Amino acid sequence: MHAGAEDTVFNGERLLTNQFLQNGPYTFIMQGDCNLVLYVKQDNNQNKALWASGTNGHGSSCFLLLQNNGNMVVFSGADVVWSSGSTRGPNLYRLVMQSDGNVVIYGGATWASNTVQRRKTMMMVVNATRLN
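Position 53 of the sequence shown, counting from 1, maps to 52 under numbering that gives the first Met the number 0, and the rest follow consecutively.
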């Protein structure tokens with residue numbers, strides 16, 4: 000996996016330290032502190048964490064691996080630090096950073112961050128006057 004603005008990891012691929020998936024204002028990053036975090040860039044250009052694995056400080060040189068069984072795992076070396084618990088049978092899976100802010104494992108939706116963000120809608124009120 001390349002560090003950059005891609006939004007998908009396929010089974011067998013990794014996100015190494017400081018590599019990320021990105022879609023619009025959303026970034027899903029494997030941080031150097033071993034924490035896997037989903038951020039949204041806000042209007043004030045600040046990043047707000049929407050979800051985190053809670054694994055900061057639990058290892059070093061951590062990486063994310065989407066396994067061939069649909070399980071998303073954070074490793075520190077050979078040690079499992081965190082798992083999505085989404086183990087299924089062998090299949091073709093993909094981890095997608097969606098444009099709605101949700102991170103989902105597909106191959107049948109096996110895991111989701113449940114961080115879908117509501118889109119802002121604009122409503123215009125038109126004042127209609129009668130011409131007589």
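Note that CB positions come from ideal geometry on N, CA and C, so glycine has one too. What you are looking at is a predicted structure, and each value in this text was computed from that prediction instead of being measured.
Shown here, Asn22 sits in a strand according to DSSP, grouped into three states.
Taking C-beta separations shorter than 7 Å and ignoring five residues to either side along the sequence, the partners of Val80 in its chain run Cys33, Thr54, His57, Gly58, Cys61, Val73, Phe74, following chain order.
Exclusion of the five residues before and after Leu49 leaves Leu37, Val39, Thr114 as the residues of its chain whose Cβ lies within less than 6 Å of its Cβ.
In its chain, beyond the 5 residues on either side, Phe62 have a beta carbon closer than 6 Å to the beta carbon of Leu15. The DSSP-derived three-state label of Arg93 is strand. Under DSSP, Asp99 forms no beta bridge with any residue. Residue environment: Gly76 is assigned as exposed (fewer than 16 neighbouring CB atoms within 10 Å of its CB, all protein chains considered). In terms of CA proximity to Tyr25, Asn44 leads the group Tyr105, Asn67, Leu64, Asn44. For a cut-off of 8 Å, the C-beta gap from Asn17 to Gly31 is around 6 Å, short enough to register as a contact. Rounded to whole angstroms, the separation of the alpha carbons of Glu12 and Tyr105 is 14 Å. One Cα belongs to Ser83, the other to Asp42, and the distance between them is close to 30 Å. Straight through space, the alpha carbons of Arg93 and Asp6 are spaced by roughly 10 Å.
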